[in-house]
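In the numbering used here, the protein residues as written are 122 to 311.
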């Protein structure tokens with residue numbers, strides 16, 4: 122039996138003086154959060170660190186990588202910030218009360234019918250020949266989508282699964298069992 126443990130981390134707190142922009146890096150608190158998480162993860166035999174290419178995730182990865190110096194890391198499109206929005210054909214799968222908010226999601230963040238997020242699950246969510254542990258530094262809705270997927274919850278149920286900055290969620294895939302949520306939004310290190 123092979124097992125994959127995927128450690129999903131939301132980036133550290135973004136610098137609030139920059140607003141919620143794609144260019145925003147970490148605040149001082151965000152750097153501190155990343156440092157605390159790095160200390161917690163030190164010694165875990167990760168095979169790779171994947172991170173979003175947005176500055177707040179890159180900077181979080183920079184701090185954590187200091188504690189995991191031998192682990193290869195790279196920017197990864199599967200970890201990019203996305204907001205799943207339903208296509209016209211699938212709007213009925215979402216509660217009506219959420220549709221006005223989803224309609225306002227900026228075009229650069231929209232992931233229609235979660236195509237990008239489904240691709241991320243298919244990419245990371247496999248247990249093949251040997252055991253592996255991978256770290257993914259990403260964004261709130263991405264983690265919410267993975268948790269929704271693992272729990273086989275309704276499509277819209279990623280909403281309301283809010284991850285703290287540098288909170289840790291672990292999901293597991295085994296070759297002969299359904300996927301499992303090991304922990305969600307663990308902040309004991311903070």
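Even glycine gets a Cβ: it sits at the ideal position worked out from N, Cα and C.
When Cβ pairs closer than 8 Å are counted between the two stretches, the stretch 192-203 is seen to touch the stretch 225-241, the count reaching three or more.
Counted as a single uninterrupted DSSP element, the beta strand (DSSP E) harbouring residue 169 occupies residues 169-172.
Taking 8 Å as the cut-off, the Cβ atoms of residue 168 and residue 246 do not count as close. A residue is called buried when at least 16 other Cβ atoms come within 10 angstroms of its Cβ; residue 304 does not meet this threshold and is exposed. With distances taken between CA atoms, residue 178 lies nearest to 135 out of 211, 135, 187 and 189. For secondary structure counted as the beta strand (DSSP E) over 3 or more consecutive residues, the stretch 216-244 holds these complete runs in sequence order: 231-233. Residue pairing by DSSP puts residue 205 in a beta bridge opposite 232.
Secondary-structure assignment with DSSP links residue 130 through a beta bridge to 258 and 289.
With a cut-off of 8 Å on Cβ pairs, the stretch 177-197 is not in contact with the stretch 205-224, counting fewer than three such pairs.
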